[in-house]
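Start counting the sequence shown at 1254; every next residue gets the next number (the numbering used here). Encoded as structure tokens, the structure appears first; notes follow it.
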Amino acid sequence: MIQKTIQMNDDKKRLCNVFRNVKMMRNVFVLLLGIFLFTSCEKEGKLILKSLKNDIIGSGAVLKYSGVFSPTSGITTSGFAKIYLDNNEYKVKLENFAVSDGPDLKVYLSKENTPINFVNLGNLKGNKNKFYTVPTGTNVSEYKYVLIHCQEYNHLFAIAQFTSI
């Protein structure tokens, strides 16, 4: 009888420990979920504001370079790539632009017609007319191409070679 009582007490202790562990795990999960939701929402807002700012160009912007997009094998594309100088800031504009759908498409400002020496201007924002700000300190005259590149599969979709205006 005493042995059964001791065993029951041990079982109760184990059961209490299990409940404490489950409760602690639940609290940790709720805390991590809260941190994730709080930080992910903050970053999304910043991305939206940056995108809206980049799609604006001043009336005094000067067209410096222009090129026509050419597709690579199996891809269809059309439109122009243009570089404007706008208040001491260079911006690449994809004008009347369209390209075949693809995953993880990036816009590169490149020294060659392949992605070797390039500046990643960011994710392709879609078709039509979009602007991409060139990072400060980039010597734009060294970069002769805009590339549309699938980073995930390392596949080049489109190339535009610049000529001076």
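C-beta: ideal position from N, C-alpha, C; glycine also.
- Annotation: GLY1375 to VAL1360 spans about 6 Å, alpha carbon to alpha carbon.
- Collapsing the DSSP output to three states places SER1417 in a strand.
- Cβ-Cβ distances below 7 Å link CYS1403 to GLY1355, PRO1356, ASP1357, LEU1358 and PHE1410 in the same chain, with the five nearest sequence neighbours on each side left out; the list follows chain order.
- Take the alpha-carbon of LYS1383 and the one of ASN1349: they are about 9 Å apart.
- The residue from LYS1276, MET1278, ALA1413 and TYR1396 with its alpha-carbon nearest to that of TYR1343 is TYR1396.
- In the displayed model, GLU1342 falls within a strand according to three-state DSSP.
- Under the three-state reduction of DSSP, LYS1383 is assigned to strand.
- Between THR1386 and VAL1372, the C-beta gap is not smaller than 8 Å, which leaves the two residues out of contact.
- Going by beta carbons, GLY1320 and ALA1334 fall inside the 8 Å limit.
- Looking at THR1325, LEU1362 and SER1326, the one whose alpha-carbon comes closest to that of ILE1336 is LEU1362.
- Judged by DSSP secondary structure, ILE1401 falls within the beta strand (DSSP E) whose first and last residues are 1398-1403.
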